[in-house]
Structure formats: structure tokens, C-alpha cells
Amino acid sequence: MSSDKISVFKGDITLQKVDAIVNAANNSLLGGGGVDGAIHQAAGPGLLEECRRMNGCPTGEARITGGHNLPARWVIHTVGPVWHGGNDGEAETLAMCYRNCLEVAHRHGIKTIAFPSISTGAYGFPIEPASRIAVREVKSILERNESIEKVVYVCFNQTTYDCYLKLIMNY
Ligand code: AR6
């Protein structure tokens, strides 16, 4: 399903043929479970080697590496907030993840990018508010920035897919 430059896809982000895929990483950038584990698995050991040289990433920021064995040329790693009930600045930090990823993408001339649903797995951010933030932030940047041509939200399960789809259709 797509609305202008934004689309929603159900499946595995590691298979996306886009310029960059986003990784929902942790502060160490040294891999983990969920989408992070899947990306490292598909990219191969070269990704971990490159990540080791980055010295981690603060929450809300983004770092870029090559895609190694992935179809995507780049991986943009961001660290979402851990959900602590919602009064700990989680919403603003999650918004920063999307903004910083698109800022890094813009600086590298990336035109097509795929996002997973950051923070809504192991980090426990509820999907409804998280998807609203994801769509709001991306839309607002695309309105001001002509360089990014396509953003795909890659949803790994039906609930996540339904949430994003509803939001995209209502925009
Ligand atoms: N493609 C797309 N989405 C996926 C994939 C995949 N292959 N695999 C899982 N997801 P999570 P977080 C979805 O837990 O909440 C890691 O251990 C998943 O269903 O991957 O930001 C890191 O190292 C969910 O909807 O990321 C951190 O320690 C979404 O991706 C921590 O987890 C995010 O779930 C980060 O937690």
C-alpha cells in the first residue's frame, strides 16, 4: 500500500532493495535480538566489524555503516528509547530517532529508505503511539525535504502492519 512517497510493507526488512535500511539497535551497536539480530545475520560479520569501530551510539541518535551482504547499500543504526511508562521523554526521543535517521540519509544522498517499527519490540513502546510518531515525523520531513523519494515502513507482524496502514490511509 502506498501514499505518495510513503508505503507500508509486511515482511523482513533485510530483504528490502532500498538505498538504506534502518536498524533498531542498542547503545553498543554490537548486535542483539529482533531486527538488529536479523540485520547482522543477513549482513555478515563485516557489519559487526564496522560497528565495533563506531564506539556505540547514544539513544535518539543515528550512525551509518555499509550494508555489507545486504541488498541495501547502507544501514542507518538508531537507538530507540526503552518504554518506562511514557513520562520519561520516550515520545520525543523516538521522534528524534526518525529525524536523525532522515538527516543522515539526506547527508549521504540516500533516496530510498526502509524503517522497522523502532522501540516497539524488546523496548516495549506501545505500537499505537509509536506508529503515530513514526508517520508524523517522516511526513513532516518529507514535506520540507525533496531529496528523499521513498520511505517504506517494514512491519514484521499483522498488528504493526494494521496500525501503520490505518495511519497512512488517514493522511
Ligand atoms: N524485519 C522487520 N522488522 C522486524 C524484523 C525484521 N527482520 N525482526 C523484528 N522486527 P526490536 P526495539 C520488528 O525488538 O524494540 C534488539 O535486541 C519487531 O517485530 O527488534 O527497538 C536491539 O539490540 C518489532 O515490531 O527493536 C536492542 O537491544 C520491531 O522490529 C533492542 O532489541 C522492533 O523490535 C531494541 O528494541
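For the sequence shown, the working numbering gives the first residue as 368, with consecutive numbering after it.
Ideal placement from N, C-alpha and C gives every residue a C-beta, glycine not left out.
If you're wondering where the values come from, they're calculated on a predicted model, not measured in any experiment.
Residue i by DSSP, collapsed to three states: which one?
{"i": "Cys530", "result": "helix"}
{"i": "Ser369", "result": "With a pLDDT of 46 at Ser369, under the threshold of 50, the modelled position of this residue cannot be trusted; read the value that follows with caution. In the structure shown, Ser369 sits in a strand (DSSP, three-state: E or B)."}
{"i": "Asn436", "result": "coil"}
{"i": "Cys424", "result": "coil"}
{"i": "Ser374", "result": "strand"}
I'd like to know whether the C-beta atoms of residue i and residue j end up nearer to each other than 9 Å.
{"i": "Ile477", "j": "Ile515", "result": "yes"}
{"i": "Ala489", "j": "Gly400", "result": "yes"}
{"i": "Gly411", "j": "Trp450", "result": "no"}
Tell me whether residue i, by its Cβ, gets closer than 8 Å to a heavy atom of ligand 1.
{"i": "Asn524", "result": "yes"}
{"i": "Asp403", "result": "yes"}
{"i": "Asp455", "result": "no"}
{"i": "Val385", "result": "no"}
{"i": "Val521", "result": "yes"}
Let me know if residue i comes out buried or exposed under the rule of 16 or more other beta-carbons within 10 Å of its beta-carbon.
{"i": "Asn537", "result": "exposed"}
Relative to the C-alpha of residue i, which residue among the options is closest?
{"i": "Glu417", "options": "Ile431, Ala409, Thr426, Ala405", "result": "Ile431"}
{"i": "Lys506", "options": "Val518, Ala497, Gly413, His475", "result": "Val518"}
{"i": "Val502", "options": "Ala472, Gly491, Ala458", "result": "Ala458"}
{"i": "Cys424", "options": "Leu382, Leu414, Asn393", "result": "Asn393"}
{"i": "Pro438", "options": "Tyr531, Ala391, Ile406", "result": "Ile406"}
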